[in-house]
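Beneath this line is the structure, given in structure tokens, with notes to follow.
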Amino acid sequence: MPEADPQLFDKIVNLSKRRGFVFQSAEIYGGFRSTYDYGPLGVLLLRNVKDAWWRNMVQMRHDVVGLDASILSPPQVWEASGHLSNFSDPLVDCTNCNARHRLDKLDDPNVCPTCDTTGSFTEAREFNLMFKTNAGPVTETAAEVYLRPETAQGMFINFANVLNTSRKKPPFGIAQIGKSFRNEITPGNFVFRTREFEQMEMEFFVPPEEASQWYDYWCQERMNWYLDLGMSPEMIRLRPHDDDELSHYSSATSDVEYLFPWGWDELEGIANRGDFDLTQHANASGEKLDYFDQTSGERYTPHVIEPAAGATRTAMAFLMAAYDEETVGDDTRTVLRLDHRLAPYKVAVLPLSKKETLTPTAHEVFDSIKGRWIADYDETQSIGKRYARQDEIGTPYCITVDFETIDDRAVTVRERDSREQDRVSLDQLEGYLAERLG
Ligand code: GAP
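So the sequence shown is numbered by our numbering: it starts at 61 and just counts up by one.
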């Protein structure tokens, strides 16, 4: 059985900051708690995670289409979805130290983990997690709007629009990637639980009698996605929810969980939502949100299977899964063994020296690569240090332009994991990389 590695947490937080994956937001003003900015490498990693999801969930399928719905939405949406009445966590205050906690997340519901006092909590009260704001210059109730706490509702309220315009019929899905906002009581564990985060969600609409079969299908598909991108099978698991854990809309849910430094925790939920959402929105809006099957002459409200993942949380999990410290001789090297598809830079071009004789050829190499693969260019420090810097951020291939390159029109290509090196002529470089990077 694998064990959680608590020390990995600080290593990932430090690496993220040191190398420009993730910064504390508003750091120059002392930092804005629990919000994060994605730096030059983080933005590439996050984009690669989202691209890999989109490719798998939309591009490679004929039965799923995309959507980008608005973040601001009127109260009617959240009234009908049940979020206004149900989307809350039980909040308790400690009367000794004033700390606030989520009652359902406490190890002991009577002991405050901040000050260790027993019996100091107030009565629990339900705290709604949605962010409310006002649209336009008026601050009256009529202008109240919400920042979406999930992307899912965008798919439900556009069900008829997509059905009518895409010529899809159940079983088919609508996928969306985008920001969601939750006023979490206890954000934490770096980017794991934040108040602003990105989701990758897909609502798959199916004939009611096929729902449980599609639920099983999507549980398996989603596990395969993480495995295919390099997570080891011992580090992820699919955990079915107990009845008392199920959300207000769900008849069955399983979580994809990863073994984080603090233990098993959720990456994604796959839920059988039944016809709850379409029925709620049809009743509340007065619009028909059902499907007429011309072959059978039957009209029905499709049931929904929803794989709902967090992009920001998943990006961090991939960083943790890839992190390795390897002993090489007397040294230890840090290497991110990221799948090529997720690596921020695919290639780094490293002229052996900053001397002007090498610069034009090094630029030529960079220019020949940049259109196809995101590449870094680095000409300072010793070549050993530059390899180490690239290993630490997961760059699969380093290309060294040396003094012989000028004469033999060839470069040294070093592979990240094995550290093996090949001499490759410039006219074959693109083919060499294409074979390995795709
Ligand atoms: N539409 C269903 C839904 O939103 P969820 O389990 O509440 O389900 C789906 O959210 C995923 O979104 C989670 O598995 C998690 O990866 C991510 N997520 C939820 N809240 C988050 C938060 N506060 N910070 C980061 N990611 C979050």
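The beta carbon of each residue, even a glycine, is placed where N, CA and C say it ideally should be.
Arg299 has Asp315 as its beta-bridge partners, per DSSP. Here DSSP, grouped into helix, strand and coil, assigns Gly444 to helix. For ligand 1, a non-hydrogen atom lies closer than 6 Å to the CB of Phe257. A residue is called buried when at least 16 other Cβ atoms come within 10 angstroms of its Cβ; Ile72 meets this threshold and is buried. The continuous alpha helix (DSSP H) containing Val103 extends over residues Pro100 to Trp114.
The stretch 342 to 356 and the stretch 245 to 259 do not touch, with fewer than three beta-carbon pairs separated by less than 8 Å. When the Cα atoms are used, Leu75 and Phe81 turn out to be separated by approximately 8 Å. By the criterion of at least three beta-carbon pairs nearer than 8 Å, the stretch 296 to 310 is not in contact with the stretch 265 to 273. In the pairwise beta carbon analysis, the stretch 434 to 453 is classified as touching the stretch 404 to 411: at least three pairs are separated by under 8 Å. Sequence-distant partners of Ala86 (beyond 5 residues in either direction) whose C-beta falls short of 8 Å from its own C-beta, in its chain, are Phe92 and Thr95. Look at Cys154 here: in three-state DSSP terms it is strand. Rounded to whole angstroms, the separation of the alpha carbons of Asp427 and Lys415 is 19 Å. Annotation for Ser148: Glu186, Phe187, Asn188 and Leu189 place their beta carbon closer than 8 Å to its own, counting only its chain and skipping 5 residues before and after.
Proximity of the beta carbon of Ala129 to ligand 1 is not indicated: no heavy atom of the ligand is located closer than 6 Å. Not one heavy atom of ligand 1 is found less than 6 Å from the C-beta of Glu495. Burial state of Ser478 is exposed, judged by a 10 Å Cβ sphere holding fewer than 16 other Cβ atoms.
Going by beta carbons, Val124 and Ala235 fall inside the 7 Å limit. Per DSSP, the continuous beta strand (DSSP E) segment holding Asp391 begins and ends at Asp391 to Leu396. Note: Asp350 is not bridge-paired with any residue in the DSSP secondary-structure output. Beta-bridge partners assigned by DSSP to Ala369: Met260 and Glu328. By DSSP's assignment, Ala408 forms a beta bridge with Asp436 and Cys458. A contact between stretches requires three or more CB pairs, one per stretch, nearer than 8 Å, and the stretch 282 to 298 meets this requirement with the stretch 313 to 330. By the Cβ neighbour-count rule, Asp288 is exposed, with fewer than 16 other Cβ atoms within 10 Å of its own. DSSP, read as helix, strand or coil, puts Gly238 in strand. Relative to the Cα of Pro231, the nearest Cα in the group Asp438, Glu366, Met61 and Phe378 belongs to Glu366. Around the Cβ of Leu132, a 10 Å sphere holds fewer than 16 other Cβ atoms; the residue is exposed. Between the alpha carbons of Asp468 and Asp438 lies a gap of roughly 22 Å. For Glu183, the closest C-alpha among the options Leu101, Ala381, Asn170 and Lys165 is that of Asn170. Annotation for Ala312 indicates a beta carbon at 6 Å or more from all heavy atoms of ligand 1. Between Ala382 and Leu398, the CB-CB gap stays under 7 Å.
Close CB contacts of Asp350 within its chain, under the 8 Å cut and outside five residues either way in sequence, are with Leu338, Ala342, Arg359, Tyr360, Thr361 and Pro362 (chain order). Rounded to whole angstroms, the gap between the alpha carbons of Thr246 and Ala422 is 49 Å.
In the three-state reduction of the DSSP assignment, Asp128 falls in the coil class, being assigned neither a helical nor a strand state. A distance below 6 Å between beta-carbons, with the five flanking residues on each side excluded, links Asn284 to no residue of its chain. The beta-bridge partner set that DSSP reports for Leu207 consists of Leu132 and Phe191.
Short note on Gly329: C-beta closer than 6 Å to some heavy atom of ligand 1.
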